[in-house]
Amino acid sequence: KQEVTQIPAALSVPEGENLVLNCSFTDSAIYNLQWFRQDPGKGLTSLLLIQSSQREQTSGRLNASLDKSSGRSTLYIAASQPGDSATYLCAVPSFNNNDMRFGAGTRLTVKP
Amino acid sequence: DVKVTQSSRYLVKRTGEKVFLECVQDMDHENMFWYRQDPGLGLRLIYFSYDVKMKEKGDIPEGYSVSREKKERFSLILESASTNQTSMYLCASSLRALGGEQYFGPGTRLTVT
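Protein sequence lines, in the order shown, are assigned to chains A and B. First residue of the first sequence? That's 9 in our numbering, and the numbers climb one at a time after it. First residue of the second sequence? That's 703 in our numbering, and the numbers climb one at a time after it.
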């Protein structure tokens, strides 16, 4: 059964700092990996989707990488801003690829 | 842009009531999902549907049922609400069956008293 782990559980940084969030998964036979952002009390917003054939994907200040062989993905946020404060979750399709397995998330706080 | 809407943002129900949570997507997606999210437990899949009138149990289907009569609408039903079903309920949809990108609704915060 696919298990997804995110480290750290919480992270606090000063504004302007570059940071990396980590995601690991136990079954490397994934179809893709998706990163989400969740604001308190809200739904999930898709940030980036990396296909299994890709090594990285970029959107603005966000860059996600994928290393299937080691079962790891990272989300790099450049020049962090207070508006980036949220919980970030990664997810991968389960063995039957019909649903997603989610990590517990990393709660990010960017201090002004 | 894909839009997934949920019928209520906040809902308060009494124990034993029948509760309906509605989810609608506007992008002709084949797959729809219901999750619940609890502190410390993350997102857990309740049910998903890969076609009209088709459904599959997820990790925690007990106490829930679903209905998909039309492609755009996926309903979650709590037959007899209990306090341990107090949670955030999230609906999602995806185009492809094989690891398609999931799009989420805003969530329904359900409180059962």
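Built from N, CA and C at the ideal position, the CB exists for glycine as well.
Member of the options whose CA lies at the smallest distance from the CA of residue i
i      : options                        : result
B:V754 : B:R798, B:R716, B:T717, B:E771 : B:E771
B:G742 : A:T66, A:T95, A:A112, A:P120   : A:A112
B:E724 : B:S767, B:E758, B:D730         : B:S767
A:K76  : A:T34, A:S20, A:L19, A:A18     : A:T34
B:R711 : A:K50, A:A37, A:G79            : A:K50
B:S784 : B:L747, B:Y737, B:V814         : B:V814
A:S67  : A:W43, A:Y39, A:L97            : A:W43
B:L778 : B:V726, B:K705, B:G718         : B:V726
A:Y96  : A:A18, A:E11, A:P120           : A:A18
A:A87  : A:S54, A:R63, A:K119, A:Q10    : A:K119
B:E706 : B:F735, B:G760, B:R716         : The identity of residue 706 of chain B in the sequence shown is Val, whereas the question assumes Glu. For B:V706, the nearest C-alpha among the options comes from B:F735.
B:S802 : A:C31, A:N40, A:E64            : One detail in the question is off: residue 802 of chain B reads as Gly in this sequence, not Ser. Looking at the Cα atoms, A:N40 is the closest of the given residues.
A:Y84  : A:P22, A:L27, A:E11            : A:L27
B:H731 : B:L812, B:R811, B:F806         : B:F806
B:S769 : B:G718, B:L812, B:F722         : B:F722
A:N25  : A:S93, A:S54, A:V12, A:K9      : It should be pointed out that residue 25 of chain A corresponds to Glu in this sequence rather than to Asn. Considering only alpha carbons, the answer is A:S93.
A:A72  : A:P48, A:S32, A:G91, A:L52     : A:S32
B:M790 : B:D761, B:T717, B:L812         : B:L812
A:M108 : B:G718, B:I748, B:Q787         : B:I748
A:R69  : A:T13, A:L52, A:R115, A:L56    : A:L56
B:P763 : B:E781, B:T810, B:K773, B:G744 : B:E781
Closer than 7 Å at the beta carbon, the chain B residues around residue i
i      : result
A:F110 : G744, L745
CB contact below 8 Å: residue i versus chain B
i      : result
A:D107 : yes
A:K76  : no
Chain A contact residues for residue i, given Cβ-Cβ distances below 8 Å
i      : result
B:G809 : G49, K50, G51
B:L792 : G51, L52
Neighbour list for residue i in chain A, Cβ cutoff strictly below 7 Å
i      : result
B:F692 : Since the displayed chain B opens at 703 and closes at 815, residue 692 of chain B lies outside it and no answer follows.
Contained beta strand (DSSP E) runs [length at least 3] in the region 31 to 105 of chain A, N- to C-terminal order: 40 to 46, 52 to 59, 64 to 67, 70 to 75, 80 to 85, 94 to 101
Contacting positions in the region 45 to 76 of chain A - beta carbon closer than 8 Å to chain B: G49, K50, G51, L52, T53, S54, L57
Proximal residues, the region 750 to 772 of chain B versus chain A, C-beta separation under 8 Å: F750, Y752, E758, G760
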